[in-house]
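Protein chains: 8
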Amino acid sequence: MPHPKVAVLMGSDSDLPVMEKAIETLKEFEIAPQVKILSAHRVPDKVAEFVKNARSSGFEVVIAGAGLAAHLAGAVAANTTLPVIGVPLKSGALAGVDALYATVQMPSGIPVATVAIDGAKNAAILAAQILSIKYPEIAKKLEEMRAKMRQEVERKSAEAEKKYN
Amino acid sequence: MPHPKVAVLMGSDSDLPVMEKAIETLKEFEIAPQVKILSAHRVPDKVAEFVKNARSSGFEVVIAGAGLAAHLAGAVAANTTLPVIGVPLKSGALAGVDALYATVQMPSGIPVATVAIDGAKNAAILAAQILSIKYPEIAKKLEEMRAKMRQEVERKSAEAEKKYN
Amino acid sequence: MPHPKVAVLMGSDSDLPVMEKAIETLKEFEIAPQVKILSAHRVPDKVAEFVKNARSSGFEVVIAGAGLAAHLAGAVAANTTLPVIGVPLKSGALAGVDALYATVQMPSGIPVATVAIDGAKNAAILAAQILSIKYPEIAKKLEEMRAKMRQEVERKSAEAEKKYN
Amino acid sequence: MPHPKVAVLMGSDSDLPVMEKAIETLKEFEIAPQVKILSAHRVPDKVAEFVKNARSSGFEVVIAGAGLAAHLAGAVAANTTLPVIGVPLKSGALAGVDALYATVQMPSGIPVATVAIDGAKNAAILAAQILSIKYPEIAKKLEEMRAKMRQEVERKSAEAEKKYN
Amino acid sequence: MPHPKVAVLMGSDSDLPVMEKAIETLKEFEIAPQVKILSAHRVPDKVAEFVKNARSSGFEVVIAGAGLAAHLAGAVAANTTLPVIGVPLKSGALAGVDALYATVQMPSGIPVATVAIDGAKNAAILAAQILSIKYPEIAKKLEEMRAKMRQEVERKSAEAEKKYN
Amino acid sequence: MPHPKVAVLMGSDSDLPVMEKAIETLKEFEIAPQVKILSAHRVPDKVAEFVKNARSSGFEVVIAGAGLAAHLAGAVAANTTLPVIGVPLKSGALAGVDALYATVQMPSGIPVATVAIDGAKNAAILAAQILSIKYPEIAKKLEEMRAKMRQEVERKSAEAEKKYN
Amino acid sequence: MPHPKVAVLMGSDSDLPVMEKAIETLKEFEIAPQVKILSAHRVPDKVAEFVKNARSSGFEVVIAGAGLAAHLAGAVAANTTLPVIGVPLKSGALAGVDALYATVQMPSGIPVATVAIDGAKNAAILAAQILSIKYPEIAKKLEEMRAKMRQEVERKSAEAEKKYN
Amino acid sequence: MPHPKVAVLMGSDSDLPVMEKAIETLKEFEIAPQVKILSAHRVPDKVAEFVKNARSSGFEVVIAGAGLAAHLAGAVAANTTLPVIGVPLKSGALAGVDALYATVQMPSGIPVATVAIDGAKNAAILAAQILSIKYPEIAKKLEEMRAKMRQEVERKSAEAEKKYN
């Protein structure tokens, strides 16, 4: 089985506790995450440089998480035609609604595939769903994950039914 | 060149004026859109039936646009492991912020790749970006579109510079 | 006295601490709650299957609690013509405003009777009020609950008046 | 067939253009609407008087529509144990978000079954769904309405598919 | 010196920790507070009864604090032509923005003088400012309070200047 | 009968179409309005000068309307201990929610009696209610206005009942 | 007198009708505006290139206006240590609140001096205020503008006083 | 090297823990901060007096931080043509969104350069960026700070890459 490459970028090392869930989930799919801290505001050239070469370096999806005026996913999307997944992060007084708007309200021409605030795990699953159109093994793993999820809900429902009904 | 299949679903025929932009843009990429009106609330079985067979019917991406308590993209995502792009539509008193939250704030396990409110064109471009990891022709077309976009901005800037500077 | 049946559904077992108030309150009215964990996104078929048979299985009201992009109540309402009460739950960065909008802003044709964010107890009382049009015993119990509520307010006011006036 | 009675209250005659949809929809279900303009702030005694006698006068559901600091549904709910459906109306600078919060965020003990902003038609359908637990004819009519709705969506989808696919 | 009477009403005894600041502040102005717990939803008749007699009982201002769908101040204002001061209280998932809108967005004809969320102290000062147009002693006390406030700010500024400059 | 003096201040002449309703309503109560355009930002000294002398010049209430970062009412309140009524005005992209927050969220010590967005008429009625504690004629006029309001609602309800029931 | 140089950048030519007010106002101060259309998402390299040379090219302030996920001002600020003024522009369903958050909520280290939504004129005045610390002529012009503003308010107040008092 | 003077004003001593970051950062740039507690509502005359003399006293920038209905920056801007930087502070139920709107939404003619909620450090950096157009030493220090920031991000990225890749 091939190990498709997904870049996992974030604006600050303080984003790691949330973004770690993306890294772990990618690994469960045997996707190779490449983690980098790349602030759109503090090291804009590094962002452009890394992202411009992303496709030719073999990356197939980029995940970018940022908080506040979360420009990272947009800055990434501006420099590549790979699919870019944006994770708005909760931080500061506006608790992530600023990051959500700054990530999702992209202008015509440069989309960012936005997931829920702090939705790092879902970003990884979405990356897997995107890769599944090319890698049948990942499609299979996704079906297995769904089946497990269903079983988990059913098991928990059975417990609750036993307790309350 | 192959013509990958993308489903373009929407909750109501009143969504067509906005969702048409997705259809047109897909065609520019020589992607074959399959349009369907499929309300998550009025014909839930039809949604489930269509979506469950989407991958085996050869679809590779699903775009779903809906307004208000916009459940369509989520209902689609619940029934397939294909990548699902959600387009929150502006309608009613809350002007799309309800649709944005109902589309993007998906629970862990079932992501929706959300674009801007009324961002139907970007949904199509995102679909193309996703397909580009498998179809090099689409990657090429995306680069061409970006180049054209850049030229357009530069042309307009030249005009404005001439007028105001 | 008959024991009318009310289904109490929720998207996740993490919703139980809030939804328990609905269960307890229903029991105070001698209404039989049937608790199930049924995620609209993780087990959509189970939701449809359970709800489609709800009326014929003797249920008269369905209560559905969910957080984030809270689709459960809408998915239930799409599959039955029984009255459906939605409880938006507080969770995540948007603290329930997402769940409120995703529950209440239903499109024309498929209403959800929405109560306050985390208003599980009120969902049960609303279920009792709905049942009271058919079961006079419940109407009586509701009057008793109101009388007790009034006495409680008066007792607390008397205490406060004594302390502050 | 019996004609169950539903009160349709609103705070001002300027609410009639929206609330008319509730009146018409109730009539389609052969439910007898009783329309009254009853402001919670301008004629509070009339509200209390009418509502206190509502159950004994044969009403089974009350629908109350109001805008701004929309207290009408809450004032109604405070005076009856009948199910009360609140319709937040769009008006003024906050475009209905004030009415939504003032209608749905009821304190423990006194629920209001809230529908979407300007959701007068859905309020009537919800009233029918509530009555359907007692009147099988209304349950039947609801199923017919749903079937018609489904056909309508399918017809429109067929048209769109013909045009775009 | 006369002791003008101000009613201090609140929807629940859980509001006392915040509303106590109004009580204390009124006492500093030698205004006699009359505290009552009077829920607009749980004891609507008590509210109407108390408020209708408020002017004839010698009250000159009414302060009403409530949270969530905060109807108390509006219900009071509907039943008296005395000036009514509304204090929106922070509680629940929306953290007071619901109470603010439900208190301030009153319809034409029935105003509520709204202060900040949890602004119980300011409600008392506003009551004093209202009474000051009739009672010169209170006008004098207000000037003294302002002078003290100014001195306090100057004292604290002097401390900070010493520490930081 | 005396003609109490109320100042009606606003930040810009573009506020006149809304603030005119306050002027007219005051005149109905035979209260003498003194209109001034006094921007807190453009002529701050004029605001301070006028307001500091307001009480000694015989004013008993000040009404201040402003939009956007609506500081006028706060700037007035900072310079007088008279009761100050703030009218947040709808203007610009945020449609008055900025003006509402900037008017109502005053810090401890300096209250502003805030009415609804664009609630100029209610500001005048609130001024009358404040004056009514000193001028019995105004209390009487307020009762008359309320009686007329009630009749108006009843008349309109009768019309609607005739048309729809 | 010297003519300091200020860059006036915007994301799209559709922003010109609003941003023109900045251009005109700068000219009133005899500041030379240099207009460019430079989208952070469509021509990111052009933005970086222009901005990196801005200080050495003699620019002293940069004004950047953008709507939606308004990254332009942030992208500019990331590439220069000149003062950057951000103008959030109203466009799309969220009416500028997205642009405001995306412009003002910058992370630590890279500030953007944000003005009101659509506040292009104020951006130019702020630029003049910044330049005034170096160019006494501009300080003088600012004082003149303020004096004229004051006279204008006074003239309009006199008119209103004549009409209404 | 000269030590340019920047005033650091705040509405209350409770704002010091946040505003201290501005003070410290200014000192790193060898800019002399002058700290004062100056409430727009409690000591409006002191604000006007201090600010009117600010330019002639040698100040070149004013930083003003305030929470709630944050008028301080606006009141400062109304009394000087120096550049004024506003820091909206998080406090109370609305968590700073009130302060943000009250600071940034200034009317035409009187801009405030607004930074992020609690963005005191960025206010100081912005002050330095403004001063850098006059003082080359500060421009140099800003470049050094940026270089350090870049190194810091790179160092942290290297650590994360080592740990996760």
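Residue numbers (my numbering), protein chains in the order written: chain A, 35 to 199; chain B, 35 to 199; chain C, 35 to 199; chain D, 35 to 199; chain E, 35 to 199; chain F, 35 to 199; chain G, 35 to 199; chain H, 35 to 199.
Ideal placement from N, C-alpha and C gives every residue a C-beta, glycine not left out.
Buried versus exposed call for residue i [16 or more other C-beta atoms within 10 Å across all chains shown]
i      : result
F/G92  : exposed
C/P36  : exposed
B/R180 : buried
F/N199 : exposed
C/R189 : exposed
D/Q185 : exposed
H/A192 : exposed
B/P67  : buried
H/D132 : buried
C/P51  : exposed
D/K197 : exposed
C/S90  : exposed
D/K174 : exposed
Beta-carbon spacing of residue i, residue j below 9 angstroms
i      : j      : result
B/A147 : B/P170 : no
A/V121 : A/I97  : yes
C/A127 : A/D49  : no
F/V95  : F/K70  : no
G/P145 : H/A111 : no
F/K124 : F/G108 : no
B/M44  : B/L106 : yes
D/L60  : C/T115 : no
H/A194 : A/D79  : no
E/I57  : E/A162 : no
D/A103 : E/A136 : yes
Neighbouring residues, chain C, relative to residue i (Cβ below 7 angstroms)
i      : result
B/R184 : Residues of chain C passing the Cβ test: none, with the nearest at roughly 35 angstroms.
A/S191 : K70, I71, L72
E/L50  : A194
Neighbour list for residue i in chain G, Cβ cutoff strictly below 8 angstroms
i      : result
B/G130 : A127, L128
Residues sharing a beta bridge with residue i, DSSP
i      : result
F/A93  : The sequence given here places Phe at residue 93 of chain F; Ala does not occur at that position. DSSP output for F/F93 lists F/K39 as bridge partner(s).
B/L123 : B/G101
E/K70  : E/L43
D/A147 : D/I119
Cross-chain neighbours of residue i in chain B, by beta carbon under 8 angstroms
i      : result
D/Y169 : Chain B residues near D/Y169: none, gap ~24 angstroms exceeds 8 angstroms.
A/A173 : R89, T115
Within chain G, partners of residue i - CB distance below 7 angstroms
i      : result
F/L134 : Chain G residues near F/L134: none, gap ~14 angstroms exceeds 7 angstroms.
Partners in chain A for residue i, counting only beta-carbon separations shorter than 7 angstroms
i      : result
H/V187 : I71, S73, R76, V77
Amino acids of chain E, ordered along the chain, whose beta-carbon sits closer than 8 angstroms to that of residue i
i      : result
F/L116 : Q163, S166, I167
Contacts of residue i in chain C (Cβ-Cβ under 9 angstroms)
i     : result
B/A41 : Within 9 angstroms Cβ-Cβ: nothing; B/A41 doesn't reach chain C, min ~17 angstroms.
Proximal chain D residues relative to residue i, where beta-carbon distance stays under 7 angstroms
i      : result
C/E178 : Here the premise fails: no neighbours, minimum Cβ distance about 10 angstroms.
Interface partners of residue i on chain E, CB under 7 angstroms
i      : result
F/L160 : P117, P145, A147
Under 7 angstroms from the C-beta of residue i: neighbouring residues of chain F
i      : result
H/A112 : A74, H75, P78
message: Can you pull out the residues from the stretch 55–89 of chain F whose beta carbon lies closer than 8 angstroms to at least one beta carbon of chain H?
response: Within the stretch 55–89 of chain F, the qualifying residues are S73, A74, H75, R76, P78, D79, A82.
message: Which residues of the stretch 139–156 of chain E have a Cβ closer than 8 angstroms to any Cβ of chain C? Give them in chain order.
response: Residues passing the 8 angstroms Cβ filter: none.
message: Please list, in chain order, the residues of the stretch 92–110 of chain E that have any C-beta partner in chain C closer than 8 angstroms.
response: Listed in sequence order: L102, A103.
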